[in-house]
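Below is one structure, written out as structure tokens, with a few remarks after it.
There are 2 protein chains.
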Amino acid sequence: MSPRPAVRPGGRSARVQESVHQAVRALQAEQAALTVPLVAARAGVTPSTVYRRWGDLKELLSDVAVERLRPEAPPADHGSLRADLEHWAAGFLEEMSSGPGRSYVRDTLAGDPDGSNAGQCSAYAREQVETVLARAVQRGEHVPDVDTVMDHVVAPMMYRALFRPGPLDAGHARDLVATVLYRLMPLP
Amino acid sequence: MSPRPAVRPGGRSARVQESVHQAVRALQAEQAALTVPLVAARAGVTPSTVYRRWGDLKELLSDVAVERLRPEAPPADHGSLRADLEHWAAGFLEEMSSGPGRSYVRDTLAGDPDGSNAGQCSAYAREQVETVLARAVQRGEHVPDVDTVMDHVVAPMMYRALFRPGPLDAGHARDLVATVLYRLMPLP
DNA sequence: CGACTAACGCAAAGAAGATGCTTTTAGCTC
DNA sequence: GAGCTAAAAGCATCTTCTTTGCGTTAGTCG
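In order, the protein sequence lines correspond to chains A and B. In this text, residue positions in the first sequence follow the working numbering: the first is 60, and each later residue adds one. In this text, residue positions in the second sequence follow the working numbering: the first is 60, and each later residue adds one.
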């Protein structure tokens, strides 16, 4: 969340921010070296503008990364809580354990002095889970607590993505969902 | 892990590495600005030495951070699996959610291109858990799988420490342990 | 529509990072 | 344990990034 003062969000400021973010994404896509002067040049902006608004490259990367982690759509409806959760969890694990996904999460954490971007990242996942659970409630299903899902489905996947090298087993997502639904569900 | 080539671990190299690590810790303790030249000066070494061995500041910080995350002693023995796990988990949460602890974990992740330091960080926790479980087996207790504990106790705590701002509830650690022991234990 | 001010551009100064070459010294062989 | 080899550290220099003061532009509000 940190265009530093976050004031004056309209007009030129907004254009500059968008232009700079876009420049970062472009350079990342090209595997190019990533420095403030290069980003600024690509964005058609002077370096000092970037330094003044973001402080340093890490914070800029954190802002760009958290933006990329924003879900593009609510989780698909597969007709049941279990199916919804399994599909969403599989997709989440896929994204977070991919090369780019790992980078985005690490960038988010790295350039985030006050933890607000990390919080936002977690909030995105939480919203998705809440959507799935709310839908299940509408169906009359018995659902677990959001925090239970965060602790026992989201957290284990994120932990493995961050702390374990190597590709992740997709079956793991399914197992975690099954564990929550059939062993951790509060009594009806 | 990564003094770049990691070769020649004796003599001068070792002294330089220790001296540089110590300089980083000293500057961190003083809240001083942290740059390679400053660290080098404090360590009585030329900056180019640091650049050649660690590549950049982030990697150096990662190495120092993972070093600080190494447990100093095996978990205390409190006479039962539950007590051992609860105490260890409480301590772990305390450490990871403290200001410095959070920084160490973030530094570890940030300057770790190949994920080896992150892996080491996770391995430390895993060793501690294994020690607790092995002791319980010796006592004849029925114990959960290490991976189950990692997924449902360690991961949730780490997730909250990293992604949620604000202090953490110590009772949470206890709850997670109870959940694993009484709801997720594989049948005897 | 005019004053106010946040945000940007520009340029210069200061600090950090990179690199070729030399010197030291750990580790190995005989 | 003396000499050889090459890894690692020192040194000097050059490049690049970062910071900062000041003038200008352009949203915003009365």
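Here a beta-carbon is modelled for each residue, glycine too, at the ideal position from N, C-alpha and C. Just so we're clear, the structure is a prediction, and the values are computed from it rather than from any experiment.
Practice task
For Tyr-183 of chain B, I'd like the list of residues in its chain whose CB is within less than 7 Å of its CB, leaving aside the five on either flank, ordered along the chain.
Solution key: Once the five neighbours on either side are set aside, the close Cβ partners of Tyr-183 of chain B are Leu-128, Arg-129 and Pro-130.
Practice task
Note down, in chain order, every chain A residue with its Cβ under 8 Å from the Cβ of His-201 of chain B.
Solution key: What His-201 of chain B touches in chain A: nothing, since even the nearest Cβ is about 16 Å away.
Practice task
Check the Cβ of Tyr-217 of chain A against every Cβ in chain B and list those closer than 7 Å, keeping chain order.
Solution key: For the sequence presented, residue 217 of chain A should be read as Met rather than Tyr. The answer, in chain order, is Tyr-218.
Practice task
Starting from Asp-228 of chain B, follow the alpha helix (DSSP H) in both directions and report where the run begins and ends.
Solution key: Neither: Asp-228 of chain B is in no alpha helix (DSSP H) and is coded neither H nor E.
Practice task
State the start and end residues of the unbroken alpha helix (DSSP H) segment that holds Arg-161 of chain A.
Solution key: In this chain, the alpha helix (DSSP H) harbouring Arg-161 of chain A covers 158-169.
Practice task
Please report how far the alpha carbon of Ala-65 of chain B lies from the alpha carbon of Pro-226 of chain B, in whole angstroms.
Solution key: Only weak support is given to the placement of Ala-65 of chain B: the predicted model assigns it a pLDDT of 41, under 50, and the question is left unresolved by the model.
Problem - Own chain, CB closer than 7 Å to Glu-154 of chain B, minus 5 neighbours either side, in chain order - result: Closer than 7 Å at the Cβ level, and outside the excluded window around Glu-154 of chain B, lie Gly-160.
Problem - Rounded separation between Leu-144 of chain B and Arg-165 of chain A - CA only - result: Arg-165 of chain A has its alpha-carbon roughly 29 Å from the corresponding atom of Leu-144 of chain B.
Exercise for the section: Inspect the beta-carbon positions of Leu-221 of chain B and Leu-120 of chain A and report whether they are closer than 8 Å. Expected result: Taking 8 Å as the Cβ cut-off, Leu-221 of chain B and Leu-120 of chain A do not qualify as a contacting pair.
Practice task
Check whether the Cβ of Gly-174 of chain B lies closer than 8 Å to any Cβ atom in chain A.
Solution key: Contact of Gly-174 of chain B with chain A is assigned, a C-beta pair being separated by under 8 Å.
Exercise for the section: Spatial neighbours of Ser-156 of chain B within its chain, please: CB distance less than 6 Å, with the 5 preceding and 5 following residues excluded, ordered by chain position. Expected result: Here the set comprises Ala-220 and Leu-227.
Practice task
Just the chain B side, please: which residues come within less than 8 Å of Gly-178 of chain A by C-beta, in chain order?
Solution key: Residues of chain B passing the Cβ test: Phe-222, Arg-223 and Pro-224.
Problem - Assigned exposure category for Asp-171 of chain A - 16 Cβ within 10 Å defines buried - result: So Asp-171 of chain A ends up on the buried side.
Handout entry: Contacting residues, own chain, Cβ-Cβ under 6 Å from Tyr-163 of chain B (five flanking each side not counted)
Key = Scanning its chain for C-beta atoms nearer than 6 Å, with the 5 sequence neighbours on each side dropped, one finds around Tyr-163 of chain B the residues Ala-124, Arg-127 and Leu-128, in chain order.
Handout entry: Short CB-CB distance (under 8 Å) between Asp-143 of chain B and chain A
Key = It does not; no Cβ of chain A falls within 8 Å.
Problem - Coarse secondary structure for Ser-61 of chain A, derived from DSSP in three states - result: Interpretation of Ser-61 of chain A is limited by its pLDDT of 36, a score under 50 that renders its predicted location unreliable; no figure is taken from the coordinates.
Problem - Whole alpha helix (DSSP H) elements within the region 191-240 of chain B, 4-residue minimum - result: Those alpha helix (DSSP H) runs which fall completely within the region 191-240 of chain B and span 4+ residues are 205-208 and 214-222.
Exercise for the section: Using a Cβ-Cβ cut-off of 8 Å, state whether Ser-181 of chain A counts as contacting chain B. Expected result: With respect to chain B, the C-beta atom of Ser-181 of chain A has a partner C-beta closer than 8 Å.
Problem - CB-CB length for Trp-113 of chain B against Pro-134 of chain B, believed under 8 Å - result: Here Trp-113 of chain B is actually not in contact with Pro-134 of chain B; their C-beta atoms are around 32 Å apart, not less than 8 Å.
Exercise for the section: Using a Cβ cut-off of 8 Å (strictly closer), state whether Thr-94 of chain B contacts chain A. Expected result: It does not: the Cβ of Thr-94 of chain B has no partner Cβ on chain A nearer than 8 Å.
Exercise for the section: Over the uninterrupted alpha helix (DSSP H) stretch that includes Ser-107 of chain B, give me the two end residues. Expected result: Per DSSP, Ser-107 of chain B belongs to the alpha helix (DSSP H) from 106-113.
Practice task
Tell me whether Glu-118 of chain B is buried or exposed, calling it buried when 16 or more other Cβ atoms sit within 10 Å of its Cβ.
Solution key: Buried, by the Cβ-count rule.
Practice task
Anything in chain B within Cβ reach of Asp-122 of chain A, meaning under 8 Å, just list it in chain order.
Solution key: Those within 8 Å of Asp-122 of chain A in chain B number zero; the least Cβ separation is about 16 Å.
Handout entry: 8 Å Cβ cutoff, Leu-116 of chain B in contact with chain A
Key = Not a single CB atom of chain A sits nearer than 8 Å to the CB of Leu-116 of chain B.
Problem - Below-8 Å beta-carbon distance, Asp-146 of chain B vs any chain A residue - result: Going by the sequence as given, residue 146 of chain B is His instead of Asp. With 8 Å as the cut-off, His-146 of chain B does not count as an interface residue toward chain A.
Problem - Local Cβ density within 10 Å of Gln-87 of chain A, reported as buried at 16 or more and exposed below that - result: Buried, since its Cβ has 16 or more Cβ neighbours within 10 Å.
Handout entry: Limits of the alpha helix (DSSP H) - the one that Asp-122 of chain B falls within
Key = It spans 116-128 - the alpha helix (DSSP H) in which Asp-122 of chain B sits, taken as one unbroken run.
Problem - Distance CB(Glu-211 of chain A)-CB(Pro-215 of chain B) smaller than 8 Å - result: Here residue 211 of chain A is His; the residue named in the question, Glu, does not match the sequence. Cβ atoms of His-211 of chain A and Pro-215 of chain B: closer than 8 Å.
Practice task
Decide if Val-208 of chain A is buried, meaning its Cβ has at least 16 other Cβ atoms within 10 Å, or exposed.
Solution key: Buried is the call here.
Handout entry: Rounded Cβ spacing between Thr-108 of chain A and Val-75 of chain A (contact assumed at less than 8 Å)
Key = The distance from the Cβ of Thr-108 of chain A to that of Val-75 of chain A is about 7 Å, consistent with a contact at the 8 Å cut-off.
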